[in-house]
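Comments concern the structure below.
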Amino acid sequence: MRDSSRKISRRRFLGLTAAASAALLYRVSPTSAQVPTLSPQGLRPSQTRAGVIRVGWEPVRRLDPAFASSDSEISFLTAVYDYLVDVTTTDAVAPRLAQTWEVSEDGRQYTFRLVPNAKFHDGKALTAEDVIYSFNRLRDPAVGSPKISLFDNLEGISAPDDLTVVFTLKTTEPDFIYSLTDNSAVIVRAGATNFDTEFIGTGPFKVERYIPEDRTIFVANEDYWQAGLPYAAGMEHRYLDSNAAIEALRGGELDVVLRMPNARFVALQNDPNLQTVTFPTSGHDALRLRMDSPPGSDPRVRRALKMATNREEINAFAQLGLGSQGRDAPIGEFFAEYFDPNSPLPPYDPDGARALLAEAGYHNLTFDLFVPNTGTRPDFAVVIKDQWAKAGITVNINLVDEATYYGDDGWLEVQLGITGWGARPSPQQYLDFSLKSDGKWNESRIADPELDALIVTAGTSVDRAERIAAYKAIQRKLAEDGPLIIPYFFPTVGAARKEWDFEGGFAVQAFPGRTNFTRARQV
Amino acid sequence: MDAPILSVERLTVAYRLQGEWLEALHDVSLSVAAAQTYGIVGESGSGKSTLVQAVMGYLSANGAVRQGAITFEGEDWLHAPRRRREQLWGARLSMVPQDPLSALNPALTIGEQIAELVMRHTRASRRDAQARAVEMLKRVKLPDPEGIARRYPHQISGGQQQRALIAMALASPDLRLLVLDEPTTSLDVTTEAAILDLFAELQDNHRAATLFVTHNLGVVARMCQRVAVLYAGAVMEDAPTETLYGAALHPYTLLLLRAVPRIGDPTPLQAIAGRIPSLRQRPSGCVFAPRCPVALERCHAHKPPLERAADGHLVRCHRWREIAEGTLRLEDESAELKRREMGRAEIAFFDQLLSGEPNGAKATVMRAEHVRVRYGARGILGRLLGAKPPFRAVDDVSMRIPRGKTLGLVGESGSGKTTFARSLIGLIEIESGTAHLLEMPLRGTPRQRAKATLKAMQMIFQHPEESLNPYRTVGQTLRRPLMTLLGMKRAEADRAAADLLRAVNLPADYLSRFPGELSGGEKQRVAIARAFAAQPALILCDEPVSSLDVSVQAAILNLLAQLQAQYEVAYLFISHDLAVVGYLADYIAVIYRGQLVERGAAESFFTPPHHPYTEALLASIPLPDPKAKSRRIRLPDDQPSGAVPSGCRFHPRCPRYLGEICRAQEPPWQRDDQGRYYRCHIPPHELAELQKEDGA
Amino acid sequence: MRATAQPSTLKPIQTLRLNLARRGRLLRRLWRDAPLSVIGGVGVLFFLCMALIGPYLTPYDPIANSLRDRNQTPSWAHPFGTDNFGRDILSRIIHGGRNIFALTGTATLVAVGLGSVIGLYVGYLGGWLDQIVMRLIDALLALPALLLTLLLLGALGNSRFTVLVAIVILYVPIVTRVVRSVVLDVKTKAYIEAAEIGGESRFHILFREVLPAVLPTLAVEGALRFSYAIFLVASLGFLGLGVARPEPDWGLMVSEARDWYALSPHMLFFPSAAIVALVVCVNLMADGLRRLLEYSEVD
Amino acid sequence: MIAYIARRVLFFGLTLLLTSLIVFAAVRLLPGDVETAVLGRGAEPAARAALRQELGLDLPFFVQYANWLSRFLQGDWGNSYSIKAPIMPLVMERLGNSLRLASIAMLIAIPPAVLLGLLAGLNEGKPFDTAFSLISLVLVGIPEFVMGIILINVVALEWKLLLPSASVPPDASFGEALPRLILPSLTAAAVLLAYIGRLTRVGVIAELRRTYVRTAVLKGLRWRQVVFKHVLRNALLPTITVIAISIGWLISGLVVIENVFAYPGLGRLMVFAIQQRDLPLILGGVMISVTVFALANLIADLLYAALNPRIRLS
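In the order they appear, the protein sequences are chains A, B, C and D.
Letter by letter, the first sequence follows residues 2 to 524 of the numbering used here.
Letter by letter, the second sequence follows residues 200 to 895 of the numbering used here.
Letter by letter, the third sequence follows residues 127 to 425 of the numbering used here.
Letter by letter, the fourth sequence follows residues 21 to 334 of the numbering used here.
Printed below as a string of structure tokens:
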């Protein structure tokens with residue numbers, strides 16, 4: 002179903018959920034939990050590997066990095082290949098195949114030094130050429146990867162020597178390095194083509210057997226460049242829908258399940274045999290109103306709507322309290338340093354809202370709310386309908402099939418809609434795409450020069466403080482009378498059987514597929 | 200007479216149908232002694248099958264003995280526990296059922312089915328049992344007993360199956376009681392005769408008591424020393440055979456005997472009015488009263504007791520004394536039917552199979568010339584798609600029927616008589632040859648035929664149950680032909696339909712009835728009415744009475760005769776029963792294996808010489824008269840669906856088989872001095888001689 | 127024994143034309159022999175009524191949500207409790223039932239209608255036409271029901287209408303077969319031949335003479351098809367096919383409830399129960415019809 | 021007999037041919053363009069055209085069909101669009117799994133079904149029969165997915181008796197596989213049992229009414245003999261056919277069951293294939309399951325003929 006419409010590819014890039022099955026909930030994009038934060042020389046004494054860790058995923062379709070997108074697919078890549086650089090939960094970029102790197106003065110040149118001892122599964126040593134091939138492949142229109150525009154700003158890649166790679170940009174872009182952490186940006190063997198059948202990477206696990214629609218069996222990569230990793234002797238990905246996965250987990254048939262409906266997760270939380278975690282992410286659902294036509298064009302209306310909305314309740318209902326509270330801006334506590342917890346949100350006050358609307362000349366206002374029928378968006382819509390009713394606002398919910406919602410840019414046209422936004426390592430893309438007057442997907446048609454200026458500063462300034470200030474300013478503006486209502490940020494959840502101990506604690510990446518299991522040890 | 204093997208006293212059996220108990224047998228008593236054959240005669244609904252089940256101690260689940268007793272060899276058989284009965288069944292008392300094929304297990308070989316009985320009751324080993332089975336099969340005169348023993352039921356002919364069942368019934372050495380439940384009803388006359396001989400013969404050596412249940416007065420007359428006449432669940436009369444047929448005292452018995460057609464006896468049959476009461480409508484008084492021409496008040500009011508008229512002669516009638524004294528005569532109410540004598544010309548017309556002179560044409564209703572009909576498909580593809588192998592059912596049959604006359608076509612099952620009729624009316628296509636109806640060619644299916652043709656020829660079918668649509672009222676059924684063939688308006692048609700009903704002696708209010716509410720005879724009357732609706736010139740009567748009870752059959756035959764006189768319609772009357780045909784037909788043709796073998800005017804038909812086959816037929820018919828000694832000409836059982844023999848088709852079974860010539864050449868038509876034609880190599884005078892010898 | 131037939135032993139089709147008393151007799155007899163089948167019939171009627179008038183009785187909108195009472199266990203206000211959207215499960219089941227009846231009912235009727243017409247002609251005419259049609263039917267029947275349906279859903283798009291079409295395509299062959307077999311038996315009966323030689327039109331013969339004999343069997347077959355259709359639709363709903371959220375569909379409800387099994391099992395229980403109950407009732411009813419048919423064939 | 025066998029085989033082939041035509045036609049009707057499915061998005065028109073050429077998509081329908089058929093018969097089933105792998109081995113492996121499940125289900129279902137049906141038939145109208153009829157009726161009425169969910173949650177998760185998911189390790193020995201297969205098999209078996217049981221019952225009752233049974237009884241045979249030697253012989257013949265037919269049902273049932281239990285069977289593969297509009301995969305899968313079904317019927321027919329003297333000796 003996922004591949005049925007070419008629109009989806011852009012959605013993937015956007016990180017919007019492309020799920021159509023009830024099982025698939027959110028897809029969010031890279032940050033990182035347990036990247037190897039050890040220096041190349043500090044190798045731990047290799048120890049006996051034990052146990053096969055069994056992880057439940059929805060079935061994989063494409064295993065070509067250029068096209069892989071679902072958690073299960075990315076998880077497969079994470080196991081078989083390595084990224085050049087990874088990101089941590091704290092939004093910091095971490096070394097992986099690149100042990101060190103520096104950015105040139107003008108911020109247009111990124112130079113990476115590769116680890117010396119990385120070998121592909123077929124024994125060939127990793128060289129700069131492989132890195133260059135991997136990224137050029139993503140940029141090659143002939144390949145047709147949806148990620149192609151990630152590297153629009155990339156001028157070229159060069160290799161002064163076998164272990165050094167240099168990326169040259171057209172213009173400065175502080176967040177460029179995040180593009181190198183993209184899900185698809187795994188390093189493949191130079192010249193490799195048929196990724197759907199040959200799986201040769203430098204990663205911690207080798208593919209022993211891939212059985213489409215059933216499972217993949219991995220074995221530990223004995224001479225993985227991070228000596229001693231992985232701890233497990235093997236890993237198995239089982240491909241089944243979330244219901245079956247959860248039953249299997251509870252029945253001891255699986256060890257880890259990272260994606261499931263909230264309801265399921267809540268139920269699992271009090272299972273004695275399981276350890277569960279939830280992490281906040283920057284992925285969120287945004288209710289947005291078009292500002293280029295009444296009533297949205299009237300700031301009082303936008304403010305009134307904010308007043309009529311009880312975000313806590315929405316979070317509690319739609320996310321069962323698992324999500325982190327949103328404040329109507331795409332910047333949440335996930336971006337700890339940019340987040341402003343006391344932006345001037347108007348307090349919840351239905352009657353106030355009613356009055357304000359009346360003042361604006363709107364009595365019994367009526368909206369058609371368009372909602373993709375996936376994830377918790379319907380739930381969100383349902384609560385809004387309920388809450389706004391108290392402010393005398395009527396909402397007619399139109400649940401539409403997701404493909405239809407995004408199909409033919411309908412989502413950009415509707416007056417009032419709920420759009421899902423996947424997690425991103427930096428808030429900048431949200432702003433660039435949807436809140437700049439010339440934004441690629443400016444759904445709300447917001448056109449505020451002041452805001453535009455702030456967004457540019459935030460996106461380009463090399464001065465950290467300046468950026469932070471800009472981000473906070475943006476949140477303030479959006480809080481007062483912005484076109485968005487963002488009640489929550491998705492959690493990412495995970496459940497694992499207690500038989501497994503995760504070094505540094507059981508953690509799940511914002512994009513669960515990026516979670517790697519090299520440090521899981523059987524107890 | 201020594202102690203009876205079986206004695207039934209005042210037996211009353213009832214069935215529980217939808218919550219109410221309905222009596223099927225009422226106060227029936229009888230006793231059978233060793234070596235005695237005791238006949239039970241009864242029409243359908245008389246309760247004879249119930250009696251059989253009761254005697255066998257195997258009533259169906261919803262039946263129960265309400266009162267009375269059954270004693271078998273002095274022991275209380277009625278209350279014998281299941282185990283005990285299992286010991287005696289097959290060992291001391293056994294039964295020969297009515298329909299042999301369904302009575303045999305299709306999945307077991309004949310030998311096995313006999314052997315298992317032997318093994319159950321004697322300590323015989325399997326091999327011995329098998330041997331015994333073969334021996335029994337030999338005893339019942341089956342050719343190649345070993346072969347038969349190894350075969351499965353569907354591989355042998357009906358007659359052979361019945362013999363096998365008899366072998367099974369007699370397999371036990373210490374048999375005491377043999378119950379024969381209509382053992383020959385489903386068989387052809389010739390086979391029947393052979394089987395009856397077999398019984399008679401076997402009886403002498405097994406010496407068991409025999410209870411012979413049948414509807415056929417002829418069979419009883421021939422087989423039994425004593426007969427009980429059963430009607431509507433009660434014994435009407437019970438007497439030694441001679442007495443019963445000679446000096447019956449019960450009106451029912453008397454009427455029944457007058458209702459049976461007898462070979463070569465033109466006197467009108469006497470029908471019994473009304474219908475046999477169903478279980479629910481049993482009268483409170485004498486069960487026969489409603490149909491009895493001489494019933495009085497008390498007959499309707501009180502059930503008459505079963506009285507001893509003379510030694511060993513019991514009768515259940517309020518007025519038997521009057522009958523005995525001769526003061527009460529039963530008037531003959533059936534329509535005055537005098538047989539129409541046939542003139543030479545007419546006979547000549549019939550004799551001339553292929554119309555030579557044109558003047559014959561105007562009299563001709565139907566003429567068929569060299570008609571051939573084939574079943575099944577040739578062609579390998581046809582076979583692959585499941586068609587039967589080709590088989591010629593009618594082979595070069597020619598005949599002519601003049602206006603208002605009846606041609607009787609006689610033959611056993613599979614002789615092609617029905618096929619011929621169906622081919623005329625278009626239900627089967629004619630392979631070759633031609634047929635004309637009033638000089639209109641008979642070709643193609645009814646749909647392809649002109650209204651005029653359809654209108655001019657109609658058909659009466661064998662089974663009343665099937666000839667009327669159970670979902671349409673009599674009115675609807677009769678209305679159709681009037682509207683479609685005569686183009687009447689609805690109202691007009693309804694009126695005409697009512698007239699038709701009256702014509703067949705049914706009340707007009709039957710128009711609103713469903714066939715389910717009619718008795719067999721009544722259904723057949725409606726079918727006849729429908730056939731006459733379009734006032735056809737020719738009606739094909741396909742065994743119209745063979746599935747009816749004697750008392751009803753007579754009425755139908757008379758009705759047909761009367762209608763013919765009235766409407767001047769011609770009949771092609773098809774039957775397996777020479778007596779019936781002889782009663783109605785002006786001209787008789789005998790058909791064997793798709794070919795006419797003998798034909799001639801009815802009045803002179805029954806005097807020799809005859810084609811050997813006809814001779815065998817005649818000899819086989821059991822006469823309803825104990826004194827009549829039947830001539831012993833028997834045919835070997837026909838083989839199941841064998842290929843058509845070369846030369847004379849009859850030669851494999853022919854008792855007068857000459858030799859090579861019969862196998863080699865088709866016999867020519869020969870004419871004897873009475874002007875009868877037959878197809879045989881034996882010249883008339885020789886044949887006459889031969890047959891006289893046997894006759895004497 | 128050939129006891130001449132009594133009014134009470136007439137074919138069902140006739141009893142319809144006959145007076146209530148007789149029908150009453152039949153039913154009473156049925157009640158005595160197989161009370162369950164009567165109960166089943168009543169059950170089906172009940173479901174039917176619910177489908178027809180239920181929607182007007184239920185105070186709740188099957189789609190509207192009310193947060194305050196989500197995931198409520200059964201209570202007086204919500205006899206079957208509420209789901210995760212606070213929708214009244216009873217109301218949803220009732221509306222779902224309506225959809226099921228509408229969909230499977232129509233589908234079954236169409237299939238039975240088409241099937242019997244084809245069966246009548248093919249069976250009566252016989253010959254090559256018959257052979258060809260039968261081979262086609264064999265071919266169709268060789269396709270496992272669900273696969274064929276999935277195939278069509280893929281081909282014609284995932285909609286209720288497609289499901290309807292699928293059911294029709296699935297059941298026409300089966301019905302045709304059944305009807306044909308009856309026709310083959312009936313057409314040899316003398317009364318049909320009598321009609322033929324009476325110059326009756328083919329239409330008259332098929333629909334006036336033959337059809338009545340087929341009807342009883344058809345009734346039973348129809349009932350069976352109906353129950354299978356319900357089954358199929360439910361299964362599709364469960365696989366998320368043929369229906370879209372938030373439509374109240376029993377199968378879909380079950381699959382949705384699966385997420386909530388641990389938190390509020392009643393969400394799973396009631397729709398499942400509804401499906402089972404309805405299917406069982408229909409089967410029982412079919413059984414009853416079959417018996418009525420048998421009665422008519424007794425003596 | 022020969023004619024009978026020939027006929028059956030002929031029909032078998034004919035049926036498969038027609039079915040393949042139907043399926044092929046249905047698949048061709050599927051929307052969503054093949055090129056995108058194969059080449060992925062953003063492929064140049066040139067490449068697309070080339071592919072159309074290669075796949076012969078621009079040929080007339082019947083030519084396409086003929087080509088496909090000939091290749092199919094030669095075992096060249098092409099590559100799956102969605103899973104970039106040759107179809108035949110994939111389908112065959114899945115078929116194997118499904119058959120494993122099916123056969124276990126039948127092993128569980130058939131013996132008791134026949135036995136219970138027989139007993140019920142022999143005790144028609146008695147309490148046992150009534151109970152059997154009712155229970156089987158209910159079983160028939162429970163959809164596989166409901167049954168499956170119940171079994172999983174109660175047997176596997178509450179009672180911890182068996183394993184909830186049916187995903188069996190690829191080279192697991194039968195022993196290892198069994199505990200995982202029992203639940204799904206049971207689910208399938210439940211309906212199967214009821215279905216076959218009911219029909220056996222009907223068959224037995226019908227046979228008991230036949231006249232030859234009376235003959236057998238009146239030979240004085242013990243009831244046991246009558247039942248086992250006479251009635252069963254004939255009553256069980258139709259059951260063969262019934263079982264063959266129920267295989268068809270099984271194939272459908274498994275689609276649901278495999279999805280409930282996440283069992284890597286053909287059914288699950290088909291649902292996926294149809295969702296993915298993976299034409300060759302759909303064709304391969306459907307055709308193979310059709311063949312299996314038709315084959316089962318063929319075998320049943322021949323077996324029936326072999327066991328039934330009326331056909332064997334005609």
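Ideal Cβ positions, reconstructed from N, Cα and C, are used throughout, including at glycine.
Looking at the C-beta of residue i, does it have a partner C-beta in chain D at a distance below 8 Å?
i: N409 (chain C); result: yes
Along chain C, in chain order, which residues have C-beta atoms closer than 7 Å to that of residue i?
i: P743 (chain B); result: Simply none; closest approach about 11 Å.
i: T683 (chain B); result: G324, G325, E326
Return the chain-ordered list of same chain residues with a C-beta closer than 6 Å to the C-beta of residue i, the five sequence neighbours on each side being excluded.
i: D321 (chain D); result: R28
i: F200 (chain A); result: V81, V208
Give me the chain C residues within the contact set of residue i, using Cβ-Cβ distance strictly less than 8 Å, ordered along the chain.
i: R265 (chain A); result: D385, A388
Tell me which residues share the same chain as residue i and place their Cβ nearer than 8 Å to its Cβ, disregarding the 5 neighbours each side in the sequence.
i: N184 (chain A); result: S30, P31, A69, S70, I75, L78, F512, G514, R515
i: G217 (chain D); result: P132, A133, V134, L136, G137, A140, F152, S156
Would a check of beta-carbon distances place residue i closer than 8 Å to chain C?
i: K650 (chain B); result: yes
i: S2 (chain D); result: In the structure displayed, chain D extends from 21 to 334; residue 2 (chain D) sits before or after that span and is not available.
In chain order, what residues of the same chain lie with their CB nearer than 7 Å to the CB of residue i, ignoring the 5 residues before and after it?
i: R349 (chain B); result: T308, G310
i: R593 (chain B); result: The sequence shown places Val at residue 593 (chain B), rather than the Arg named in the question. Result list for V593 (chain B): V570, R571, V572, G615, T618, F619, S622, G793, in chain order.
Please compile the residues from chain B whose C-beta is within a distance smaller than 7 Å of the C-beta of residue i.
i: A339 (chain C); result: Y670
Counting only beta-carbon separations shorter than 8 Å, does residue i have a partner in chain A?
i: I308 (chain D); result: no
i: N225 (chain C); result: no
i: F173 (chain C); result: no
Can you list the residues of chain D that residue i reaches, using a CB-CB cut of under 9 Å?
i: V402 (chain C); result: V158, G161, I162, P163, V166
Could you tell me whether the region 272 to 286 of chain D touches the region 22 to 38 of chain D, where touching means 3 or more Cβ pairs closer than 8 Å? By the C-beta criterion, the region 272 to 286 of chain D is judged not to be in contact with the region 22 to 38 of chain D, since fewer than 3 inter-stretch pairs fall below 8 Å.
If you pair each beta-carbon of the region 815 to 825 of chain B with each one of the region 474 to 483 of chain B, do three or more pairs fall below 8 Å? By the Cβ rule, the region 815 to 825 of chain B does not count as touching the region 474 to 483 of chain B, because fewer than three pairs are nearer than 8 Å.
Could you check whether the region 321 to 338 of chain C touches the region 663 to 671 of chain B, counting it as contact only if at least three pairs of C-beta atoms, one from each stretch, sit closer than 8 Å? Yes, the region 321 to 338 of chain C touches the region 663 to 671 of chain B.
If contact means a Cβ-Cβ distance below 9 Å, which residues of the region 315 to 332 of chain C contact chain B? Sequence-ordered contacts of the region 315 to 332 of chain C with chain B read K315, A316, Y317, I318, E319, A320, A321, E322, I323, G324, G325, E326, S327, R328, H330 [C-beta pairs closer than 9 Å].
Between the region 206 to 221 of chain D and the region 165 to 172 of chain D, do three or more beta carbon pairs fall short of 8 Å? Yes, since at least three Cβ pairs between the region 206 to 221 of chain D and the region 165 to 172 of chain D fall closer than 8 Å, the two stretches touch.
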